[in-house]
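Chemist: Before we start, here is the structure in question, set down as structure tokens.
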Amino acid sequence: MGLPDADIFPHATGKASEVVAKHQSEVGPEGIKFYAGWFCPYVQRTWIALLEKQIPFQYIEINPYHKDPSFLAINPKGLVPAIESQGSTLAESNILIEFLEDFADGSNSKSSRKLLPAAPQAKAVARMHIDQISKKIVPAWFRTIQAQDSQAQAQGRKDYTDALKEWATYIDDDKLHNGPFHGGDELDAVDINLAPFVAREYLIEKHRGGPITAEETGETYQIWRKAILSHPSVVSTTSDKENYEPIYGRYLRDEAQSEAAQATRAGRAIP
Ligand SMILES: N[C@@H](CCC(=O)N[C@@H](CS)C(=O)NCC(=O)O)C(=O)O
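Residues in the sequence shown are numbered from 1 upward in steps of one, following UniProt numbering.
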């Protein structure tokens with residue numbers, strides 16, 4: 001028998017299902033095969049980047065909890081997202097975003113805009129802002145939803161909102177940009193790394209203490225969040241809310257057995 005986590009709704013719904021339907025055909029070497037799970041925040045990062053870069057892709061739905069040997073042959077870690085491109089198989093959402101940036105050129109991307117700045121210093125700063133998302137914001141997000149006693153829940157929420165408040169100063173501090181996004185008026189790789197967790201923030205609001213307020217996060221974050229939640233690439237990679245419920249219900253009861261849930265429970269870094 002597979003993990004209980006494997007019992008998930010089998011495919012994307014709502015707006016996301018429209019995008020999936022448009023990306024079923026095989027693509028040539030100018031495009032990529034995208035091994036995805038509709039529900040997964042890490043998948044959503046890569047998916048948003050694909051839409052923003054307008055690179056051709058074939059969407060292939062995978063249930064990563066089944067650990068199907070044919071998928072393990074593509075990503076031995078057994079995690080989605082994964083990409084196949086010209087004979088190479090690649091994984092890790094933040095690396096995939098950078099790969100898509102490098103892979104896109106005039107012939108396979110209808111969008112000339114960049115997800116990371118060209119100047120080495122500005123690029124390193126953007127990567128520092130992504131590092132903060134990976135090391136502080138995402139772990140606090142998981143800790144908050146997996147925490148069972150009210151003190152640990154409140155501490156998780158405080159860590160999460162404090163980290164968001166600090167992160168939002170990067171939008172303010174960046175004199176090159178003029179909001180509402182980290183990247184200015186269009187999404188960049190930093191926005192894309194955080195967006196899927198913010199799209200799932202309603203779970204914290206619903207189950208861990210009510211609406212997240214400007215008092216907790218500062219005003220800048222609230223403006224950014226509103227813009228992110230209505231951005232077309234975020235909306236069109238999001239499924240119907242009710243299908244996320246059973247998946248995140250297991251996290252909220254701290255029963256989930258995913259790699260991320262086990263790491264959070266054990267106080268280890270999320271793989
Ligand atoms: N660090 C990876 C994490 C990917 C990840 O954890 N994906 C989850 C789905 S959201 C998965 O495939 N889980 C399968 C498992 O935990 O066994 C990334 O950024 O791509």
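Beta carbons are placed, not taken as given, at the ideal position from N, Cα and C, and that holds for glycine.
(1) Could you name each continuous alpha helix (DSSP H) segment of 4 residues or more that falls completely within the stretch 64 to 127, going from the start of the chain to the end?
(2) Please classify residue 223: does DSSP put it in a helix, a strand, or coil?
(3) Between residue 115 and the rest of its own chain, which residues show a CB-CB distance below 6 Å, the 5 nearest in sequence each way excluded?
(4) Mapping DSSP to helix, strand and coil, what is residue 209?
(5) How about residue 258: is its Cβ closer than 7 Å to a heavy atom in ligand 1?
(6) Mapping DSSP to helix, strand and coil, what is residue 58?
(7) Under a three-way DSSP split, which group does residue 142 fall into?
(8) For residue 9, which residues of its own chain have a beta-carbon under 6 Å away from its beta-carbon, when the five flanking residues on both sides are left out?
(9) Consult DSSP for residue 184 and reduce its assignment to one of helix, strand or coil.
(10) Am I right that residue 229 and residue 199 are in contact with their C-beta atoms under 8 Å? What's the rounded C-beta distance?
(11) Tell me which residues share the same chain as residue 1 and place their Cβ nearer than 7 Å to its Cβ, disregarding the 5 neighbours each side in the sequence.
(12) Taking residue 49 as part of the alpha helix (DSSP H), name the residues at either end of that continuous run.
Modeler: Reading off the structure:
(1) Correct list: 69 to 72, 93 to 103.
(2) The count along the sequence shown starts at 1 and reaches residue 223 at position 223. Three-state result, residue 223: helix.
(3) Reading the sequence shown from its first residue, position 115 is the one you call residue 115. Excluding sequence neighbours, residue 115 sits near 101, 188, 189.
(4) Locating residue 209 in the sequence shown gives position 209, counting from the first residue. Note: residue 209 maps to coil in three-state DSSP.
(5) Numbered from 1 along the sequence shown, position 258 holds the residue referred to as residue 258. Yes, Cβ of residue 258 sits closer than 7 Å to a heavy atom of ligand 1.
(6) On the sequence shown, residue 58 is found 58 positions in, with the first residue counted as 1. Correct three-state label for residue 58: strand.
(7) To locate residue 142, count along the sequence shown from 1; it is residue 142. Residue 142 falls in the helix class under three-state DSSP.
(8) What you label residue 9 is simply residue 9 of the sequence shown in a count that begins at 1. Result list for residue 9: 243, in chain order.
(9) Here residue 184 refers to the residue found at position 184 of the sequence shown. The answer is strand: DSSP assigns residue 184 an E or B state.
(10) Numbered from its first residue, the sequence shown carries residue 229 at position 229. Numbered from its first residue, the sequence shown carries residue 199 at position 199. Beta-carbon to beta-carbon, residue 229 and residue 199 are separated by about 7 Å, close enough to satisfy the 8 Å threshold.
(11) Reading the sequence shown from its first residue, position 1 is the one you call residue 1. Caution is warranted here: a pLDDT of 43 is assigned to residue 1, below 50, making its placement in the model unreliable, and no coordinate value can be reported.
(12) Walking along the sequence shown from the start, residue 49 turns up at place 49. Run containing residue 49: 41 to 53, per the alpha helix (DSSP H) assignment.
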